[in-house]
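Undergrad: Residue numbers (this note's numbering): -11 to 147.
For every residue, glycine included, the Cβ atom is placed at its ideal position computed from N, Cα and C.
Just so you know, these numbers come straight off a predicted model, no measurement behind them.
Please see the structure below; I have some questions.
The structure is reproduced here in structure tokens:
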């Protein structure tokens, strides 16, 4: 089971530098994200975080990584942030699989309502949901902090 929160290339998309967000990672484009080597087994589940502005691109990323899209979890935040067209108050996490991985629990919602946390950090309620649905080894790529029982990889994990 893998959670990925890539550093989406805001600065490559925006002419307005007020939308730029510093990233500790070297990824500069959608093509770089598509080329990123995801450590997936033959039967894997992937939770791919994506902001509204890159939703279309995220489906191409899933395809490049060899995953099949199934559904979208939407995080409704308690704060309206920046946005190109509308103020961003949601973020999405695409649920996808590779091989024959199945999630059998159907009584969870596609809406996650939780307060906004630090920049780019995902809410504890998300990780609790994943732990309920996905037994086994858990990997968090581009993680913002350590989590007990998870393999967390990211430039900010040890801060």
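Report all residues from its chain with a CB closer than 8 Å to the CB of residue 3; omit the five preceding and five following residues, and keep chain order.
TA: Walking along the chain shown from the start, residue 3 turns up at place 15. Its pLDDT being 44, under 50, residue 3 is placed unreliably by the model, and the measurement read from it follows with that caveat. Nothing listed; no residue qualifies.
Undergrad: On a CA-only basis, which of 77, 61, 60 is nearest residue 68? Give me that one, please.
TA: Counting from one through the chain shown, the residue named residue 68 turns up at place 80. Nearest of 77, 61, 60 to residue 68, Cα basis: 77.
Undergrad: Is the region 85 to 94 touching the region 22 to 36, taking contact as three or more C-beta pairs under 8 Å?
TA: yes
Undergrad: Tell me whether the beta-carbon of residue -4 lies closer than 8 Å to the beta-carbon of residue 39.
TA: Position 8 of the chain shown holds residue -4. Position 51 of the chain shown holds residue 39. Their beta carbons are under 8 Å apart, which means residue -4 touches residue 39 by this criterion.
Undergrad: Helix, strand or coil for residue 43 per DSSP?
TA: Position 55 of the chain shown holds residue 43. Three-state result, residue 43: helix.
Undergrad: What residue does the beta strand (DSSP E) around residue 86 start on, and which one ends it?
TA: Residue 86 sits at position 98 when you count from the first residue of the chain shown. Residues 78 to 86.
Undergrad: To the nearest angstrom, report how far apart residue 90 and residue 58 are at their CA atoms.
TA: To locate residue 90, count along the chain shown from 1; it is residue 102. To locate residue 58, count along the chain shown from 1; it is residue 70. Between residue 90 and residue 58, the C-alpha separation is close to 11 Å.
Undergrad: Going by the DSSP bridge assignment, what does residue 139 pair with across the sheet?
TA: For the purposes of this step, residue 139 is taken as residue 151 along the chain shown, with counting starting at 1. Per DSSP, 127.
Undergrad: Mind checking whether residue 106 and residue 37 have CB atoms under 8 Å apart?
TA: The residue you call residue 106 lines up with position 118 of the chain shown. The residue you call residue 37 lines up with position 49 of the chain shown. No, the pair does not count as a contact, with Cβ atoms beyond the cut-off.
Undergrad: Please say whether residue 46 and residue 72 have beta carbons closer to each other than 8 Å?
TA: To locate residue 72, count along the chain shown from 1; it is residue 84. To locate residue 46, count along the chain shown from 1; it is residue 58. No, these two residues do not count as a Cβ contact at 8 Å.
Undergrad: Just to confirm the assignment, what range does the beta strand (DSSP E) spanning residue 21 have?
TA: Looking up residue 21 in the chain shown gives position 33. Annotation: residue 21 is outside any beta strand (DSSP E); the continuous alpha helix (DSSP H) that includes it extends over 18 to 23.
Undergrad: Between residue 122 and residue 53, what straight-line distance do the alpha-carbon atoms span, to the nearest angstrom?
TA: By one-based count along the chain shown, residue 122 stands at place 134. By one-based count along the chain shown, residue 53 stands at place 65. Approximately 20 Å between the Cα atoms of the pair.
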